[in-house]
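Under this note's numbering, the very last position in the sequence shown is 1212; numbers go up by exactly one each time. A virtual CB, placed ideally from N, CA and C, is assigned to each residue, including glycine. What you are looking at is a predicted structure, and each value in this text was computed from that prediction instead of being measured. Structure first, commentary second.
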Amino acid sequence: MGNESLRWMNESLRWMNESLRWMNESLRWMNESLRWMNESLRWMNESLRWMNESLRWMNESLRWMNESLRWMNESLRWMNDSLRWMNDSLRWMLQLLNLPHLLWRSINLTM
1102 MGNESLRWMN ESLRWMNESL RWMNESLRWM NESLRWMNES LRWMNESLRW
1152 MNESLRWMNE SLRWMNESLR WMNESLRWMN DSLRWMNDSL RWMLQLLNLP
1202 HLLWRSINLT M
């Protein structure tokens, strides 16, 4: 082999070496960016877990609220019924109180 071809071989090997260095460097940067992506995905995952947990708690508290509203509604129905009965009782009592007056009047009218 001649001197000139050895120089060309050496030069091309230098270029190959340089391009491999650049490839290695870009792979390092890619690796680093993938590490950061992985880390940010971990944080996202963690925050989504917390969100999910808080939504579970919210859902549970809404269930309890709903249940307590059902009970309130039921107790209001009972109150309403008892007020109706009281009203009916008072009406009957008033009619009974008015009965002597009506009797007296009817006696006076017949005489």
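request  = Rounded to whole angstroms, what's the CA-CA distance from S1148 to N1167? Just pull it up for me.
outcome  = 28 Å
message = Whole angstroms are fine: how far does the CA of S1141 sit from the CA of S1127?
response = 21 Å
request  = Could you check the C-alpha separation between N1160 and L1135 for me, to the nearest Å?
outcome  = 36 Å
task = Report the rounded CA-to-CA distance for N1132 versus R1171, giving the unit in angstroms.
result = 58 Å
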